[in-house]
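Per this note's numbering, the very first residue in the sequence shown carries number 1; after that it's consecutive. C-beta atoms are modelled at their ideal positions from N, C-alpha and C, and glycine is treated no differently. These notes are about the structure you will find just below.
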Amino acid sequence: MMGEGNESLFNRFFAKKDPVTGKIQEDGAISMLVKLWKAGYINLFNSNNLGAKYAFSLSDSEISAGFGGDLSTDELVFTRAKLAIARFFPDAQELIGFIANEFIKRVADGQAL
1 MMGEGNESLF
11 NRFFAKKDPV
21 TGKIQEDGAI
31 SMLVKLWKAG
41 YINLFNSNNL
51 GAKYAFSLSD
61 SEISAGFGGD
71 LSTDELVFTR
81 AKLAIARFFP
91 DAQELIGFIA
101 NEFIKRVADG
111 QAL
């Protein structure tokens, strides 16, 4: 259970989600960055965080395929946000596993880093 102060900080940093539908009610800093990137306003030019690199460079279909198929727009935004800072989520093992698998797939063609 997250305390009220922690939940407020989480919402401002990632996004405030509807507890029933899972849709984003209010964007946070990371979800807004994802949306700006998707709209073509910004590019991730450098990162030593593979999760962030993959969050801001993989296609929607690559992200969806790694997380169970047909993700909604909000689910894609939140999944990308979670990939950028994977260790802070309850499903961190799944997120980190995706990052590791993507790295291994991309090593052969020199696109891992």
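In the three-state scheme derived from DSSP, where H, G and I count as helix and E and B as strand, K35 is classed as helix. V20 has its alpha-carbon roughly 32 Å from the corresponding atom of N43.
Inter-segment contact for the segment 83–91 and the segment 49–61 is present: three or more beta-carbon pairs are separated by less than 8 Å. In the three-state scheme derived from DSSP, where H, G and I count as helix and E and B as strand, I85 is classed as coil. Residue burial annotation: T79 is buried, with at least 16 other C-beta atoms found within 10 angstroms of its C-beta. Secondary structure of I24 (DSSP, three-state): strand.
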